[in-house]
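First residue of the sequence shown: 288, per this note's numbering; consecutive thereafter.
Read the structure below first, then the notes.
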Amino acid sequence: MKFKRLEISGFKSFSERSVLDFRDGITAIVGPNGCGKSNISDAIRWVMGEQRAKDLRGASMADVIFAGTQRRSPAQMAEVKLKLESDSFPYPYSEFHEVEVIRRLTMNGVSEYRINGAASRLKDVRGLFMDSGVGTRAMSIIEQGKIHQIVTSRPEDRRGVIEEAAGINKFKESKKEALAK
Ligand code: ATP
Ligand code: MG
């Protein structure tokens with residue numbers, strides 16, 4: 288699975304719509320301290336379904352909405368769109384070569400996900416990324432301090448990291464669901 292394009296509007300420091308096209312090869316984002324580099328990786332994690340505000344460096348989820356500056360008024364809504372490309376999207380997206388995921392959150396707390404334009408659940412978004420190697424819990428996103436956290440984590444938590452990398456979480460989730468029925 289490859290990231291093709293990221294569109295960020297009203298999210299953290301991105302008040303205006305900003306578009307990043309990912310070309311083949313490596314993309315590096317450089318800039319001075321505080322210019323918004325980490326906000327871009329936060330946007331990617333957010334659109335993939337991140338639920339923990341703390342992991343997005345905020346106190347509550349509403350903190351992702353552009354808070355305004357002296358010259359700009361706050362945004363009414365945060366929106367992140369991520370366009371993905373793959374030859375093997377999981378069911379029910381397997382017929383697609385490109386899939387676009389959108390997450391929105393408004394100031395009055397309305398939250399929504401869309402996959403290829405259709406209203407979707409967090410579960411659908413998670414399903415899309417599960418075992419693809421790019422989920423919010425996957426090892427493709429290593430934030431500042433993450434290495435230290437893995438090294439010093441409890442053995443069962445470290446096992447979770449290995450299980451995600453090995454691609455067996457999908458089956459564990461299905462088992463949990465089946466047992467709950
Ligand atoms: P460093 O090189 O220090 O890691 P960085 O480029 O990763 O810096 P970020 O952490 O992405 O910088 O951006 C920090 C900036 O984003 C701060 O100026 C902060 O005020 C701004 N910011 C974060 N959340 C919001 C928000 N909701 N509204 C407006 N600005 C925000
Ligand atoms: Mg940073």
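The beta carbon of each residue, even a glycine, is placed where N, CA and C say it ideally should be.
Exposed unless 16 or more other CB atoms sit within 10 angstroms - verdict on residue i
i      : result
Ile434 : exposed
Val397 : exposed
Ala362 : buried
Lys368 : buried
Val306 : exposed
Asp329 : buried
Gly414 : buried
Ile327 : buried
Lys299 : buried
For residue j and residue i, believed in contact at Cβ under 8 Å, the rounded distance
i      : j      : result
Met417 : Leu392 : 22 Å between Cβ atoms; not a contact.
Leu371 : Phe290 : 6 Å
Ser302 : Phe353 : 5 Å
Val448 : Met288 : Actually they are not in contact, since the Cβ atoms of Val448 and Met288 sit about 19 Å apart, beyond 8 Å.
Glu294 : Arg310 : About 16 Å; that fails the 8 Å criterion.
Coarse secondary structure for residue i, derived from DSSP in three states
i      : result
Ser302 : coil
Lys289 : strand
Ile331 : helix
Thr439 : helix
Val448 : helix
Lys368 : strand
Arg390 : strand
Touching or not, the segment 399-414 and the segment 314-332, by the rule of three or more beta carbon pairs under 8 Å?
no
When a residue counts only if its C-beta is closer than 6 Å to some heavy atom of ligand 2, which residues count, in chain order?
Lys324 and Ser325
Flag this pair as touching only if the segment 335-355 and the segment 378-392 have three or more C-beta atom pairs under 8 Å; answer yes or no.
yes
I'd like to know if the segment 366-380 and the segment 339-347 are in contact, where contact means that at least 3 CB-CB pairs between them fall below 8 Å.
no
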